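Working notes for the structure below.
2 protein chains.
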Amino acid sequence: MKDMDDIPAMMQALGRSARDAARALAIAPAAQKTAALMAAADAVWARREEIIEANGKDMAYGRDKGLSDAMLDRLMLDEARIEGICAGLRAVAGQDDPVGEVLAEWERPTGLSIRRVRTPLGVVGVIYESRPNVTADAGALCLKSGNAVILRGGSESFHSSGAIHGCLVEGLVSAGLPQEAIQLVPTRDRAAVAELLTMTDYVDVIVPRGGKGLVGLVQREARVPVFAHLEGIVHIYVDAAADPKMAMEVVLNAKTRRTGICGAAECLLIHRDIADTLGRDLIEMLIAAGVEVRADEGLSGIAGTVPAGAEDWGREYLDSIIAARVVDGVQEAIGHIARYGSNHTDCILTEDAAAVELFFAEVDSAIVMHNASTQFADGGEFGMGAEIGIATGKMHARGPVGAAQLTSFKYQVTGRGSVRA
Amino acid sequence: MKDMDDIPAMMQALGRSARDAARALAIAPAAQKTAALMAAADAVWARREEIIEANGKDMAYGRDKGLSDAMLDRLMLDEARIEGICAGLRAVAGQDDPVGEVLAEWERPTGLSIRRVRTPLGVVGVIYESRPNVTADAGALCLKSGNAVILRGGSESFHSSGAIHGCLVEGLVSAGLPQEAIQLVPTRDRAAVAELLTMTDYVDVIVPRGGKGLVGLVQREARVPVFAHLEGIVHIYVDAAADPKMAMEVVLNAKTRRTGICGAAECLLIHRDIADTLGRDLIEMLIAAGVEVRADEGLSGIAGTVPAGAEDWGREYLDSIIAARVVDGVQEAIGHIARYGSNHTDCILTEDAAAVELFFAEVDSAIVMHNASTQFADGGEFGMGAEIGIATGKMHARGPVGAAQLTSFKYQVTGRGSVRA
């Protein structure tokens, strides 16, 4: 907590020590990283009362600040949630270590044998909002992938994140790894974020976790690469050849299972030929489930709909609201998504293989789905064990970002005294 | 050539049309791209006199500007070199198309089937210096990988690049692809470069090809990702357990085959135990081959060496000069490379497997080599067919950048009406 008067100098020092720790981590054996994660899980459980006490301070601060009930719920830690944090740490510990994995291997006529091998990226910066469990999740994924991490939690979760971070450090130390491998910015001062985003010498990539305000700020201000998605404007196109029963189940799940996650459906595109049959059934089902349906002229005759305005296309509600419009076919659906989508997750419901092929090829999103709920857009559901976020950019990582996506690679070339002609 | 008064507006228009062309290219069948490349090769050969005439204008301009003989040689095109350009275009045409390649495929217990499939990046900007053949090479690699490209050639090669670009456009048009897929900035005005580096809406990645001045400028000023290497400060560590005959051959080739390429050796690190035996032989051999050897105290007793100064460590000569010093072993060699290297290519010569393992794990370079000449640091030698450059960063591409490294990916998820619990 020293040097608090000079935030840039403090952050530079933090960055330098992260860079040093990254060098040690890059060559740490898999077993050592696993041991650190298991010990951290043990420490979190052993120190649960201390964590809950720290969380109590944050909850009081949050209530004073007038946080919404939803925000307070995200912030709250109890024994069950702490058990979840421990389980998460152990799950990451149990994953395969990505570092050193041979991605490709080939021989050349010159006698060279070439291997492409996974390496860590270096130093990851993670900036997040109120959920204190991100401290453990992000710290664990970065450690697994051999990266040092600088964590910057939300000011609301300052004490909770600090207590969890203490347990991660206990795990590192007990396994003989440098404690600077997982650092938490020790101040609520926002100047620390500005510094973190521009420390190109010490930070290789920034991952923001939070709302559009935070992500937009990071994308605008960062001078290092960013893995993020600004919005999940998720479309479902219901084709004329959709299976009606399947469409009803998938659309209901995609919109209503949880409305606040980035994979929740925000816009329904319905083929003109079925607008009055399956389309009507879908919309009536959604309205019956408590969803506000903002419909274009083609669907506005359906009782209970609200007329859609121009601002409803390309809008992320994160709420029990969905936009709906009629399209002439898969090509128009693709055009609508190109214009209004956010390159996150988009889905086609159909039994027509040619339509699927077109949709899969032409929709330029990180995840394209066929006959599946868009709520599956998640690293855990993809089998990655855990995710640090979902990226909609095309550089390096795309879609759910797990431990493997936090790596780079190098070429290891072996010759037999080979010289170039 | 219109709108030349308003460079930013012209570049924005160029970017917009590149973005549109990229959408068409992303879904173009492999055969169509191949046809365009083959037709472009035919056009280059058919129009060789026109190209040589255009090159004549550039050569006259270059002589007036007082370009060095080496620079003029890089600029010069004759029938043999044009044949080389055609061969390059046909070689890229013959490569496998990376777009659509299934990188991974797996099933989930939920019934989801997930495929990770290669997609183009979008729009690539290539900024290069005097070699006019880069126009064809870079244009071809970007087209192969389904990316639109904006080429900005050196002012010296303005007419030559324009003539070659005309042939590429002829190829695109004859194959029914948008001619905006390969665009050449139609002005020598440097304001166009500043604009290209900051068009984040229209350019996904910039690849600079040229000297340290150009690459440094691009790395400093770009607001989009850059695939590049600033320098190739290539080290060869000769271990105590090196095979002497092999070491002699590899070191000679690595330093002298061509001194001006980024894979040329710039620093020799010699194990103390052999400094006076193999070390002496290596240095005497290099001196006999006309190389100036700048030696530290441990080697300065060898006749013909020049004393090394502090500025000789971490220096890229690109000339018949090499720095040489004694180290206590592989660990000190790794430390020297960490401090002075450029993360490009570094090599160990030894018969000791443990030393190789340490060197391969701990040297943080795009390419680490064992018992092979560093002059193999090249996309063609790696079997990539061609390269647009070599990257020393860790984000997205690393090492030689071929067509596959100019791609991203998407997840194609197929369900059976799957909903998330």
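Residue numbers (the numbering used here), protein chains in the order written: chain A, 25 to 445; chain B, 25 to 445.
Cβ coordinates follow ideal geometry from the N, Cα and C atoms, glycine included.
Predicted model only: the values in this text are computed from it and were never measured.
Just verifying my parser: in three-state terms, what is the DSSP assignment at Lys89 of chain B? coil
Is the beta carbon of Gly195 of chain A closer than 7 Å to that of Ala60 of chain A? yes
Which residues mark the beginning and the end of the alpha helix (DSSP H) in which Met62 of chain B is found? Ala54 to Ala70
Under 7 Å between C-beta atoms, does Val437 of chain A make it to chain B? True, the Cβ-Cβ gap to chain B drops below 7 Å.
Helix, strand or coil: how does DSSP classify Ala33 of chain A here? helix
Residue from B:Ala445, B:Gly303 and B:Tyr435 with nearest C-alpha to Arg139 of chain B: Cα-wise, what sits closest to Arg139 of chain B is B:Tyr435.
Given this structure, state the Cα-to-Cα distance separating Arg233 of chain A from Leu430 of chain A, to the nearest angstrom. 15 Å
By the 10 Å Cβ neighbour count, where 16 or more other Cβ atoms means buried, how is Asp402 of chain A classified, buried or exposed? buried
Assess, as a yes-or-no matter, whether the region 304-316 of chain B is touched by the region 412-423 of chain B under the definition of 3 or more beta carbon pairs within less than 8 Å. no
Can you pull the chain B neighbours of Arg132 of chain A, defined as C-beta to C-beta under 9 Å? Close partners of Arg132 of chain A in chain B (Cβ separation under 9 Å): Phe400, Glu405, Phe406 and Gly407.
Under the three-state reduction of DSSP, which class applies to Arg440 of chain A: helix, strand or coil? strand
Cβ shell of Asp27 of chain B (< 8 Å), same chain only, five flanking positions each side left out: Because Asp27 of chain B carries a pLDDT of 49, less than 50, the predicted location of this residue cannot be relied on, and no value is offered for it.
In whole angstroms, what is the alpha-carbon distance linking Val275 of chain A and Trp130 of chain B? 24 Å
Gln453 of chain B burial status per 10 Å Cβ neighbour count (16 or more: buried): The displayed coordinates of chain B run from 25 to 445. Any statement about residue 453 of chain B would go beyond what the structure contains.
Give a yes or no on whether 7 Å exceeds the smallest Cβ distance from Met419 of chain A to chain B. Residue-level contact by beta carbon holds for Met419 of chain A and chain B, with a gap shorter than 7 Å.
Tell me which residues of the region 248-268 of chain A have at least one Cβ-Cβ distance to chain B shorter than 8 Å, keeping chain order. The region 248-268 of chain A vs chain B, Cβ under 8 Å: Pro249 and Asp267.
For chain B, is any of its Cβ atoms less than 7 Å away from the one on Ala428 of chain A? no
Given that a residue counts as buried once 16 or more other Cβ atoms are within 10 Å of its Cβ, and exposed if not, what is Gly365 of chain A? buried
Taking the beta carbon of Lys279 of chain B as the centre, do at least 16 other beta carbons fall within 10 Å, making it buried, or is it exposed? buried
CB-CB length for Val262 of chain B against Gly303 of chain B, believed under 8 Å: 7 Å
Per-residue contacts from His394 of chain B into chain A (C-beta, under 8 Å): Gln436, Val437, Thr438 and Gly439
Note down, in chain order, each residue of its chain lying with its Cβ closer than 7 Å to the Cβ of Ser154 of chain A, except the 5 sequence neighbours on either side. Met95, Arg98, Leu99, Gly178, Glu180 and Ser181
Report all residues from its chain with a CB closer than 7 Å to the CB of Thr58 of chain B; omit the five preceding and five following residues, and keep chain order. Ala117
Pull up the DSSP beta-bridge partners for Phe433 of chain B, would you. B:Arg142
Going by DSSP, which residues form a beta bridge with Thr283 of chain B? According to DSSP, Thr283 of chain B bridges with nothing at all.
Below-7 Å beta-carbon distance, Gly353 of chain B vs any chain A residue: no
Please confirm if the region 213-229 of chain A is in contact with the region 135-149 of chain A, defined as three or more CB-CB distances below 8 Å between the two stretches. yes
Drop a sphere of 10 angstroms on the beta-carbon of Val126 of chain B, count the other beta-carbons inside from all chains shown, and report buried for 16 or more, exposed for fewer. exposed
Return the bridge partner residues of Ser137 of chain A from the DSSP annotation. A:Glu131 and A:Thr438
Min CB distance Val173 of chain A to chain E below 7 Å: In the displayed structure, chain E is absent; the protein chains listed are A and B.
How long is the line joining the alpha carbons of Leu167 of chain A and Ser344 of chain A, rounded to whole angstroms? Taking the straight line from one Cα to the other gives about 37 Å.
Taking Arg444 of chain A as the reference, which of A:Glu77, A:Ile372 and A:Thr134 has the closest Cα? Just measuring C-alpha positions, the residue of A:Glu77, A:Ile372 and A:Thr134 sitting nearest Arg444 of chain A is A:Thr134.
Which chain A residues sit within Cβ distance under 7 Å of Ala385 of chain B? Ile51
Could you compute how far the alpha carbon of Glu204 of chain B sits from the alpha carbon of Ala42 of chain B? The straight-line gap from Cα to Cα measures roughly 6 Å.
Rounded straight-line distance, which links the Cα of Thr374 of chain A to that of Asp267 of chain A: 6 Å
Give every residue of the same chain whose Cβ lies closer than 7 Å to the Cβ of Arg40 of chain A, excluding the five residues on either side of it in the sequence, and list them in chain order. Tyr226
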